[in-house]
Amino acid sequence: MNSKTEKKTLQALTSGSRRARRLGLIAAGVGFGSVLAYLLRKVLGGKPGAPARRRVPEHIVDDRGTGQEQAALLLRNLRDRAFEASDEKLALALGRPLDEIAAWDAGREQIDDDVVMKARGIALIRGVRVE
2 MNSKTEKKTL
12 QALTSGSRRA
22 RRLGLIAAGV
32 GFGSVLAYLL
42 RKVLGGKPGA
52 PARRRVPEHI
62 VDDRGTGQEQ
72 AALLLRNLRD
82 RAFEASDEKL
92 ALALGRPLDE
102 IAAWDAGREQ
112 IDDDVVMKAR
122 GIALIRGVRV
132 E
């Protein structure tokens, strides 16, 4: 064989191994990312397909035994059914800042009894079923 043919053969082999190496690195990166995401989900307590857990501890809001989860659901139903799913309109009706509404919905802050009573009263006046 002459040197030109050997050079071309060597380049073809080297080029193929570079591609294989790149593909291997990409596959390893995807695999590592998947394992990392799985471990983070396990550590943070999330389950695939399940909504994120609330960070606020369960606290009974009123004499009816309404807990934080039920109060959040009540507020979401009121927002969706009476205020066109608008956090801004719900905040205005409750007399609370918008960021507080978002924090309640995300579970970052506790919902107090005053808000639940106002929400029930607004629902009653507007003829909306929230519970």
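End of the sequence shown = 132 in our numbering, gap-free, step of one.
Ideal Cβ placement from N, Cα and C applies to all residues, glycine included.
*Pick out whichever of Lys5, Asn78 and Asp88 has its Cα sitting closest to the Cα of alanine 103.*
Considering only alpha carbons, the answer is Asp88.
*For the stretch 23-32 and the stretch 80-95, state whether three or more C-beta atom pairs, one from each stretch, are separated by less than 8 angstroms.*
no
*Is the CB of valine 31 under 8 angstroms away from at least one CB in chain B?*
The question asks about chain B, but that chain is absent: this structure has only one protein chain.
_According to DSSP, is glutamate 110 part of a helix, a strand, or is it coil?_
If DSSP states are grouped into helix, strand and coil, glutamate 110 belongs with coil.
_Do leucine 74 and alanine 120 have their beta-carbon atoms positioned less than 8 angstroms apart in this structure?_
no
*Boundaries of the alpha helix (DSSP H) in which alanine 86 is found, first to last residue*: Here alanine 86 belongs to no alpha helix (DSSP H), and DSSP marks it neither H nor E.
*Decide if arginine 19 is buried, meaning its Cβ has at least 16 other Cβ atoms within 10 Å, or exposed.*
exposed
*Taking just the CA atoms, how far does glutamine 71 sit from aspartate 106?*
11 angstroms
_C-beta contact flag for alanine 93 and leucine 79 at 8 angstroms_ = According to the sequence displayed, residue 93 carries leucine and not alanine. For leucine 93 and leucine 79, no; Cβs fall outside 8 angstroms.
_I need the DSSP call for lysine 61, collapsed to helix, strand or coil._
Going by the sequence as given, residue 61 is isoleucine instead of lysine. Coil, per DSSP.
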